[in-house]
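Residue numbers (the UniProt record's numbering), protein chains in the order written: chain U, 1 to 236; chain F, 1 to 236.
Idealized CB from N, CA, C, for every residue including glycine.
Only a predicted model underlies this, so the values are computations on that prediction, with no experimental measurement involved.
The structure under discussion appears below in the form of structure tokens.
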DNA sequence: ACCTGAACACCGTTCAAGT
DNA sequence: ACCTGAACACCGTTCAAGT
């Protein structure tokens with residue numbers, strides 16, 4: 001190799017440092033970008049989108065960030081931390097709607113954006129089985145309950161409907177993400193065949209086309225369910 | 001040790017086998033119980049109850065069954081299989097109610113048992129993010145939709161309410177299990193303090209006591225939410 | 001303060017071999 | 001048919017050490 005390691009020049013006979021052109025920069029400047037928690041989280045979301053929950057490895061994540069696996073542990077204490085941060089992060093992608101005069105419309109756009117974010121990142125719903133106290137998640141819940149208060153709900157009734165809406169969104173996202181997560185595009189059709197094969201045991205489900213694809217859009221079914229909930233609250 | 005290994009007797013000078021009293025049984029009879037898929041699943045549920053999802057290891061599971069880790073792979077092809085089987089198994093614990101004249105009562109007892117099973121095994125809701133096509137799960141969904149058909153629902157309306165109920169149960173179990181799963185009993189109180197500390201950002205949530213413990217029972221809130229849904233269907 | 005390197009105690013899964 | 005043993009290619013996390 002013709003290229004000589006410049007550090008050799010720094011140890012000159014006369015003790016003076018070599019001219020700057022011949023020196024490589026010191027280590028802390030050579031690093032392209034400093035590692036931050038934020039960079040870790042965005043890289044994690046990227047990796048999760050591509051490879052799913054099991055694909056997110058501290059080692060793979062570090063590789064993507066051009067860093068030693070153990071370097072991550074300076075910014076984060078555990079792999080679960082990364083997952084928690086990733087979940088909260090994706091809720092920051094969808095902006096909070098502006099509160100308008102129609103509280104029902106507010107709840108609709110809020111929950112639809114909420115659900116859309118989870119379906120864009122199908123690994124997310126399965127990770128909700130842990131305390132969700134990130135700022136983005138709480139901000140969304142706050143907005144939801146504020147809209148319900150404007151609708152006139154109070155006390156226990158308010159608590160019931162808040163949980164009803166939130167849990168419906170989460171459950172819907174979880175079951176819908178199931179089918180997008182599997183790589184096999186024919187998985188749903190296969191499930192449908194399994195159901196038909198056992199039609200004797202599941203007469204109602206087969207008759208109603210419970211697992212049929214595209215009979216009605218998932219989006220439409222979700223919104224209609226939501227509207228059914230909102231119809232139980234006092235009129236606008 | 002006084003106890004002599006009986007196999008030594010089998011190699012007698014005269015070549016004849018030792019009397020049966022002095023022989024140990026051959027290997028295939030000595031094993032206490034043969035390994036079956038069913039035994040694996042019940043042991044898995046036990047281990048999951050004790051140690052959670054991360055605690056279920058093929059090696060630990062094998063140890064509990066007094067078997068080599070690799071022996072499991074004869075009855076099951078992957079760890080995920082074990083998890084799928086475990087989830088379906090716990091739904092078999094709750095018997096299907098008998099269909100009565102009051103379809104609302106049927107749906108209530110079905111979903112309450114459904115939810116109770118998940119709360120008894122708090123690891124379960126988080127595992128629903130995979131195709132749920134086990135016989136017990138499907139039988140429950142079949143019962144639910146059959147009750148809704150008896151209520152007079154058809155077509156798209158039937159699909160909407162089926163999903164609404166099922167997703168509400170799943171979402172509720174998932175969020176509620178979150179707090180039972182954490183070993184720390186004060187986790188909820190800690191979360192509440194976190195909320196109060198940022199009361200400026202979450203005025204509605206703090207005012208309504210969103211994370212307050214025991215203000216209203218979770219069971220009561222769940223049933224009221226369910227009744228709100230069922231109220232949207234045609235009257236009995 | 002921030003990152004590297006080596007090391008520890010695990011994993012799931014395969015495959016040939018035993019009985 | 002059913003299980004063992006050895007082996008492979010990974011894991012998350014720690015800790016001392018470098019800069």
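Check	Outcome
Which listed residue (F:119, F:95 and F:124) has its alpha carbon closest to that of residue 54 of chain F	F:124
For residue 229 of chain F and residue 86 of chain F, the rounded distance between their alpha carbons	30 angstroms
Outcome for residue 74 of chain F when other beta-carbon atoms lying within 10 angstroms are tallied against a minimum of 16	exposed
Whole alpha helix (DSSP H) elements within the region 102-147 of chain U, 4-residue minimum	103-120
Beta-carbon contacts of residue 41 of chain F that lie in its chain and below 8 angstroms, excluding the five residues immediately before and after	82, 85, 86 and 89
Listed by chain order, chain U residues near residue 97 of chain F by CB distance under 9 angstroms	Correct list: empty, because the minimum Cβ distance to chain U is about 16 angstroms.
Given residue 35 of chain U as reference, the closest of U:67, U:200 and U:136 once Cα atoms are compared	U:67
CB contact check: residue 43 of chain U to chain F, cutoff 8 angstroms	no
Nearest to residue 132 of chain U (by Cα), restricted to the options F:142, F:191 and F:114	F:191
Residues near residue 205 of chain U by beta carbon distance below 7 angstroms, same chain, minus five either side	195
Residue 208 of chain F burial status per 10 Å Cβ neighbour count (16 or more: buried)	buried
Local Cβ density within 10 Å of residue 213 of chain F, reported as buried at 16 or more and exposed below that	exposed
At least three beta-carbon pairs within less than 8 angstroms, the region 145-164 of chain U to the region 218-228 of chain F	yes
Sub-8 angstroms separation of residue 139 of chain U and residue 96 of chain U beta-carbons	yes
Within-8 angstroms CB hit, residue 100 of chain F to chain U	no
Neighbourhood of residue 161 of chain F by C-beta distance below 8 angstroms, restricted to the same chain and skipping five residues each side	148, 153, 229, 232 and 233
Rounded straight-line distance, which links the Cα of residue 65 of chain U to that of residue 238 of chain F	In the structure as shown, chain F starts at 1 and stops at 236, and residue 238 of chain F therefore has no counterpart that could be examined.
Close-in-space but distant-in-sequence residues of the same chain around residue 180 of chain F (CB under 6 angstroms, 5 per side omitted)	122
Contact with chain F by residue 214 of chain U, beta-carbon distance below 8 angstroms	no
Length of the line joining the Cα atoms of residue 210 of chain U and residue 59 of chain U	42 angstroms
C-alpha gap between residue 80 of chain F and residue 126 of chain F, whole angstroms	13 angstroms
C-beta contact flag for residue 91 of chain F and residue 45 of chain F at 8 angstroms	no
Coarse secondary structure for residue 67 of chain F, derived from DSSP in three states	coil
Length-filtered (3 minimum) beta strand (DSSP E) runs lying within the region 171-236 of chain F	none
Contact list for residue 175 of chain F against chain U, beta-carbon separation under 9 angstroms	128, 129, 132, 163, 166, 167 and 170
Proximity winner among U:93, U:163, U:129 and U:103, relative to residue 237 of chain U (alpha-carbon distances)	There is no way to answer for residue 237 of chain U, as the model of chain U reaches only from 1 to 236.
Reduced DSSP category for residue 38 of chain F - H, G, I as helix; E, B as strand; rest coil	helix
Contacting positions in the UniProt domain "HTH tetR-type" (34-94) of chain F - beta carbon closer than 7 angstroms to chain U	none
Chain U contact for residue 152 of chain F (CB, 8 angstroms cutoff)	no
Member of U:119, U:98 and U:118 whose CA lies at the smallest distance from the CA of residue 109 of chain U	U:98
Within chain U, partners of residue 186 of chain F - CB distance below 9 angstroms	Within chain U, no residue comes near residue 186 of chain F; the closest Cβ sits about 12 angstroms away, beyond 9 angstroms.
Residue range of the unbroken alpha helix (DSSP H) whose run includes residue 83 of chain F	79-91
Per-residue contacts from residue 225 of chain U into chain F (C-beta, under 8 angstroms)	160, 161, 163, 164 and 167
Residue 121 of chain F at chain U interface by Cβ criterion, 8 angstroms	no
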